[in-house]
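In my numbering, the protein residues as written are 76 to 354.
Following this line, the structure appears as structure tokens:
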């Protein structure tokens, strides 16, 4: 709805909407943590360790190949690949200073990822129902294949409560891999810049910890979680309202094609792996 509103009528407060949506998303994600079992977070991180390392490395490797095929600017290709592999805009923002990316390179990568987030938010639930995925399967697929946390949460929320819980936990656990991979990139690039884990991920983990070990206040945690879901609805509208024709034009055709092909391959392989029981 937000995207339709912005494209047809325009959004005179696009910059304000973007800033507000970022803070609201972080607040919503932390609130959603009050419905998550901390032990589940630990278990997800432990059991998916090998899968996470292999998948992130494979996606970045494929992105490098496509960058060469399309003869893209190296930094733009790295940012798109990194955003696809881990967690969209947050990963791009963390990697940009490490590789000394220019503003326009960051803007292109963010614009493309933002656009694909909107597509994923709309298409993934429909595809999930078409293949009759269980909520567990869909939550895992959304977390591994959709770029940003916002769209992962939004798509899984429309699929069901179980899908939302799994998708949020898996995605935020995956997002913590920003640090090792940006550090590794810094070594290769000989950069002194350091990346840090986004604070909202720490907040999510603390909320899950409180929810798990202070059960006497569970009724309050439930109210916070309900409020977080309402904030999420408003956030998704604001995110959509930031989409415009200028964003699409800024992206350019080659980087856009590279990002789409990378995303389709990644999404398809992960979906088939889940359906066949490999994941």
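The beta-carbon is built from N, C-alpha and C at its ideal position, and this holds for glycine as well. No experiment lies behind these values; they were computed from the predicted model shown.
Start-to-end residues for the alpha helix (DSSP H) that takes in residue i
i	result
residue 154	149 to 160
residue 251	Run containing residue 251: none; DSSP gives neither H nor E here.
residue 196	178 to 205
residue 174	Note, residue 174: premise wrong, no alpha helix (DSSP H); not H, not E.
residue 292	Taken as a continuous stretch (DSSP letters only), residue 292 belongs to no alpha helix (DSSP H), as it is neither H nor E.
residue 233	224 to 234
residue 392	A question about residue 392 goes unanswered here, because the residues of the chain that appear run from 76 up to 354.
residue 163	163 to 170
residue 329	328 to 350
residue 128	124 to 144
residue 213	210 to 220
Proximity below 8 angstroms, CB of residue i to CB of residue j
i	j	result
residue 310	residue 107	no
residue 131	residue 161	yes
residue 104	residue 228	yes
residue 344	residue 159	no
residue 250	residue 224	yes
residue 218	residue 237	no
residue 257	residue 168	no
residue 313	residue 171	no
residue 174	residue 260	yes
residue 126	residue 354	yes
residue 102	residue 306	yes
Reference residue i, options the options, closest by Cα
i	options	result
residue 134	229, 222 and 110	222
residue 282	243, 262, 164 and 94	243
residue 113	257, 346, 248 and 305	248
residue 191	226, 304 and 204	226
residue 137	329, 347, 157 and 304	157
residue 150	102, 330, 198 and 206	330
residue 204	351, 220 and 233	233
residue 207	354, 353 and 349	349
residue 98	274, 328 and 287	274
Expected contact under 8 angstroms - CB spacing of residue i and residue j to nearest Å
i	j	result
residue 194	residue 164	In fact, because the Cβ distance is near 15 angstroms, the residues do not count as touching under 8 angstroms.
residue 253	residue 166	6 angstroms
residue 119	residue 280	Residue 119 to residue 280, Cβ: 12 angstroms. No contact.
residue 356	residue 230	Given that the chain is displayed from residue 76 to residue 354, the structure contains no residue 356 and the question cannot be resolved.
Below 8 angstroms, how does it come out for the region 176 to 194 and the region 209 to 216: are there three or more Cβ pairs, yes or no? no
Three-pair Cβ contact test at 8 angstroms for the region 328 to 340 versus the region 141 to 150: As far as the Cβ criterion goes, the region 328 to 340 touches the region 141 to 150, which means the pair count is three or higher.
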